[in-house]
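So the structure is just underneath, and the comments pick up after that.
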Amino acid sequence: MTTGSSQSSQARAASGAAGSISTFRGEERALRAGRLGTVGLLLSVLAATAPLMVVAGVMPTTFGVMGIVGQPLLFVLLGLVLALFSFGYAEMSRHVHNAGAFYAYISRGLGGTVGAGAAVVALVAYSALQVGIYGIFGYEVSSLCHTYLDAEVAWWIPSLLAVLVVGALALLKIDVNAKVLGVLLLIEVVLVVVFDIAAVADPGKEGLSLHAFNPDTLTGAGVGTALCFCVAAFLGFEQAPVYAEETSRPQVVVARVMFLAVGFVAVFFALTCWALTVAAGPAGIVSASREQSAGLLFFLTEERLGGTFTDVVHVLFVTGMFAAMLSFHNVVARYAFAMGREGLLPAVFSRTSSTSGAPGTGALLQSAVSLLVVGVFALTDDKPTGDPTAPVLHLFTWMGNVGALGVIVLMAAASLAVIVFFARRGAAAAQAWRLLASGLAVVALLVIAVYTVKDFDVLVGAGPGSPLSWVLPGVILLAALTGVVHGLVLRARRPEAHARIGLGNEAFQLEKAAASPR
-2 MTTGSSQSSQ ARAASGAAGS ISTFRGEERA LRAGRLGTVG LLLSVLAATA PLMVVAGVMP
58 TTFGVMGIVG QPLLFVLLGL VLALFSFGYA EMSRHVHNAG AFYAYISRGL GGTVGAGAAV
118 VALVAYSALQ VGIYGIFGYE VSSLCHTYLD AEVAWWIPSL LAVLVVGALA LLKIDVNAKV
178 LGVLLLIEVV LVVVFDIAAV ADPGKEGLSL HAFNPDTLTG AGVGTALCFC VAAFLGFEQA
238 PVYAEETSRP QVVVARVMFL AVGFVAVFFA LTCWALTVAA GPAGIVSASR EQSAGLLFFL
298 TEERLGGTFT DVVHVLFVTG MFAAMLSFHN VVARYAFAMG REGLLPAVFS RTSSTSGAPG
358 TGALLQSAVS LLVVGVFALT DDKPTGDPTA PVLHLFTWMG NVGALGVIVL MAAASLAVIV
418 FFARRGAAAA QAWRLLASGL AVVALLVIAV YTVKDFDVLV GAGPGSPLSW VLPGVILLAA
478 LTGVVHGLVL RARRPEAHAR IGLGNEAFQL EKAAASPR
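Taking the numbering used here, the leading residue of the sequence shown gets -2, the next gets one more, and so forth.
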């Protein structure tokens, strides 16, 4: 059976439900088209990468914890792996325009039941990524208040305020969000580029060494775990298909943005990571990272660019995190919208705002989840008697790594789905090189996923034998199983809803046509 005939049978099953959905109003289940062009979409997805957060947080952590000098080369290698993934993923975006992105593609290739599992994983993973940033955001704002205002502010106060502001912005038009994200992103990039230039102009005692790009620096047991740290820096580029229904020309814009995003992130982070090794010296970058930790970037900028510039970087570090939170919030809201539209969540989540066209109910859901999680961590905060960095080490680290693992698994499953999708359509020969790229991506991504699970205790800073090393990865497994069980129940009890999984607006257009008087 070809995928084309499978889709036809899905469509017929979906249209058979038309009689029971006679009150359907199409505008409630459709996002506003034509809101984003190439630039707006590119800025929206790149904002999720939070350049300053990666440079100030991920890079020093990877140097310090893993002791691997060749981290710049890892960004190049990961860029190649994710480019392989993008060949098939981008081609899929030309055939499927659905805010459900990952789970829609997986449904089209591997079936609705597996797609239901992917839907819950996507919802949990992106929600975890977004909520986790509130921890480090609150901690940094609290530190800024202490440093510049001489005021003691509990970390959870700015975190909760940020939840409210992000939730309000998420209800606005997506093009307004894109402008906010774009401005914040561009300022971050400019500041990082200024640091890069300063590091090259005033290198450490070892000069402009290219040692960090030497393959010999990637030997040892910590390379796999270092990959796990670095892959989180790329997260965001894969969000482009989520906005397909809101772009002007999705069959062109989405694929273009994905490749631009992967290329930019790989080159930008590889060069900036190299600039860190130049500033501190390849022989000293690991020890400097262990000594300065997340303060490494600020330490190096103050040496070269002065205190005022460093103060600006501190502030923009916070605004960059805010941009990432808003970007991830928008993604979660659209996944919830797509799931509500297709029966995987209650139909109330399929409604969009009559004024902005935004998936308002989905946005409110993510705000509620954020308030709940931040509130729980606030109640269990050890400050002032315990570790004042608890919100960073726990909320940010735990949620961030859970989310990253979920996205890695989704990318591997989506690459497999691409192969099956085109093979069933009889297009394997025509798409041979893309399918080969997808196959290589599946292998590479599964290797990274295995290392992530294996070394989860290192990633979250837990001791050997800590239950966190299996409880936290188990969240993704539990999400997948929950979704699959839900899919099986839908197939048994509501086959018309199961047939809609992954079809998006296509199914509802058929319903409307079937319900129209002839």
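Where is the CB? At the ideal position from N, CA and C, for every residue including glycine.
Of the residues Val250, Thr479, Thr305 and Phe234, which one's Cα is nearest the Cα of Ala401? Phe234
May I have the straight-line CA-CA distance separating Phe325 from Ala116, to the nearest angstrom? 16 Å
Check Leu369 in the structure and name its three-state DSSP category. helix
Could you work out which residue in Ser286, Met89 and Leu392 is closest to Gly64 when comparing CA atoms only? Ser286
Three-state secondary structure (DSSP) at Thr352? coil
Less than 8 Å between the beta carbons of Gly480 and Ala113, yes or no? yes
Taking the alpha helix (DSSP H) that Glu137 falls in, what are its first and last residues? Gly109 to Tyr145
Looking only at its chain, what residues have a beta carbon closer than 7 Å to the beta carbon of Leu268, apart from the 5 residues adjacent to it on each side? Asp193
Trp430 lies in the alpha helix (DSSP H); which residues open and close that run? Ala429 to Lys451
Sequence-distant residues of its chain with Cβ nearer than 7 Å to Ala80 (five each side left out): Val259
Distance between Ala496 and Val62 (C-alpha atoms, nearest Å): 47 Å
Which residue marks the beginning of the alpha helix (DSSP H) containing Arg490, and which one marks its end? Leu465 to Arg490
From this set, His94, Leu49 and Ala459, which residue's C-alpha is nearest Ser245's C-alpha? His94
Under a Cβ-count criterion, where at least 16 other Cβ atoms within 10 Å of its own Cβ denotes burial, should Arg491 be classed as buried or exposed? exposed
Classify Asp147: buried if its beta carbon has 16 or more other beta carbons within 10 angstroms, exposed otherwise. exposed
Would you call Thr382 buried or exposed, if buried means 16 or more other Cβ atoms sit within 10 Å of its Cβ? Below a pLDDT of 50, predicted positions are generally treated as unreliable, and Thr382, at 42, falls in that range; no measurement from the model is reported.
Could you name the residues that DSSP lists as bridge partners for Thr244? Leu33
Taking the CB atoms as reference points, tell me whether Thr46 and Val251 lie closer together than 8 Å. no
Any idea what DSSP makes of Lys202, helix, strand or coil? coil
Cβ pair count under 8 Å reaching 3, the stretch 316 to 335 against the stretch 357 to 375: yes
Thinking C-alpha only, which one of Arg32, Leu407 and Leu43 is nearest Gly179? Leu43
For Phe295 versus His311, is the C-beta spacing smaller than 8 Å? yes
Determine the burial state of Asn211: buried for a count of at least 16 other Cβ atoms within 10 Å of its Cβ, exposed for fewer. exposed
In or out: Arg22 buried (at least 16 other Cβ within 10 Å) or exposed? With a pLDDT of 40 at Arg22, under the threshold of 50, the modelled position of this residue cannot be trusted; read the value that follows with caution. Under this definition Arg22 is an exposed residue.
If distances are taken between C-alpha atoms only, which option among Tyr86, Gly201 and Phe226 comes closest to Met408? Tyr86
When the Cα atoms are used, what is the spatial distance from Ser19 to Ser347? Low confidence applies here, because Ser19 scores a pLDDT of 34, under 50, leaving its location unreliable and the question unanswered by this model.
Going by beta carbon distance, what residues of the same chain come within less than 7 Å of Ser83, once the five residues before and after it are set aside? Met255, Phe256 and Val259
Local conformation of Glu339 per DSSP, three classes: coil
Since Met89 and Phe418 are thought to touch, with beta carbons under 8 Å apart, how far apart are those beta carbons, to the nearest angstrom? 7 Å
With a threshold of 8 Å, are at least 3 pairs of Cβ atoms found where one atom belongs to the stretch 117 to 129 and the other to the stretch 415 to 430? no
Note down, in chain order, each residue of its chain lying with its Cβ closer than 8 Å to the Cβ of Val197, except the 5 sequence neighbours on either side. Leu205, Ala272 and Val275
Of the residues Thr35, Leu166, Ser139 and Glu300, which one's Cα is nearest the Cα of Ser156? Ser139
At what residue ranges does the stretch 283 to 346 contain a whole run of the alpha helix (DSSP H), taking only runs of 4 or more? 293 to 338
Measure how close the beta-carbons of Pro48 and Glu137 come, nearest whole angstrom, since I'm counting them as under 8 Å. Rounded, the Cβ-Cβ distance is 15 Å, inconsistent with contact.
Assign Thr467 to one of two classes, buried (16 or more other C-beta atoms within 10 Å of its C-beta) or exposed (fewer than that). The sequence as given places Trp at residue 467; Thr does not occur at that position. By the 10 Å Cβ count, Trp467 comes out exposed.
Distance between Arg488 and Glu339 (C-alpha atoms, nearest Å): 13 Å
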